[in-house]
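Below: one structure, written as structure tokens.
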Amino acid sequence: MRRRGISEVLENIYNARFWVQVIDELRRGVRLKKNNYSRTPIEYELTPYEILMEDIRSKKYQLRKVMVNGDIPPRVKKDAHALILEFIRSRPPLKKASERKLPPPIKRTPSPREQLMDSIRKGQTLKHIQPPTPPRLKDRCKSQIN
1 MRRRGISEVL
11 ENIYNARFWV
21 QVIDELRRGV
31 RLKKNNYSRT
41 PIEYELTPYE
51 ILMEDIRSKK
61 YQLRKVMVNG
71 DIPPRVKKDA
81 HALILEFIRS
91 RPPLKKASER
101 KLPPPIKRTP
111 SPREQLMDSI
121 RKGQTLKHIQ
131 PPTPPRLKDR
141 CKSQIN
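Going by UniProt numbering, the residue at position 119 of the sequence shown is 119; the numbering climbs one at a time, nothing skipped.
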């Protein structure tokens with residue numbers, strides 16, 4: 001970790017005060033002027049796949065179904081919804097929750113923390129003890145006489 005000089009510390013303090021003043025003025029309703037500067041657009045190059053996808057989206061090309069051996073392959077014939085339904089139907093049916101039997105829960109020993117928390121939750125039943133009654137004035141007088 002490098003040590004900062006006094007000038008850097010003072011500069012940070014000055015910047016902090018400056019921002020506090022700016023925020024305070026904004027809260028009081030001072031409006032900032034709009035900046036007329038606009039960034040130049042970022043230039044980038046599309047990959048061949050992105051170029052093709054852009055052409056397809058802009059409908060420069062019309063996609064057709066491909067014939068294999070004079071017929072459309074079965075993968076293309078079915079739509080996605082039908083494929084999902086077919087997959088669901090091919091699976092064995094689910095049992096009702098009332099018919100399912102769960103194995104008994106595994107017995108595990110509680111951790112020391114859990115044991116401590118259980119003992120705190122249970123609490124201890126305290127015995128009710130009558131507080132000792134202070135001696136009455138009559139009894140005090142008798143003890144002083146004797």
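We treat Cβ as the ideally placed atom computed from N, Cα and C, and that holds for glycine.
Inset, instruction - State the start and end residues of the unbroken alpha helix (DSSP H) segment that holds residue 96. - result: Unbroken run through residue 96: none, as it is neither H nor E.
Legend entry - Helix, strand or coil at residue 118 according to DSSP, with G and I counted as helix: helix
Legend entry - Rounded separation between residue 119 and residue 130 - CA only: Per the coordinates, the alpha-carbon of residue 119 lies some 27 Å from the alpha-carbon of residue 130.
Inset, instruction - Alpha carbon to alpha carbon, how far is residue 127 from residue 140? Give it in angstroms, no decimals. - result: 30 Å
Inset, instruction - Could you check the C-alpha separation between residue 13 and residue 7 for me, to the nearest Å? - result: 10 Å
Inset, instruction - May I have the straight-line CA-CA distance separating residue 104 from residue 125, to the nearest angstrom? - result: One C-alpha to the other measures close to 34 Å.
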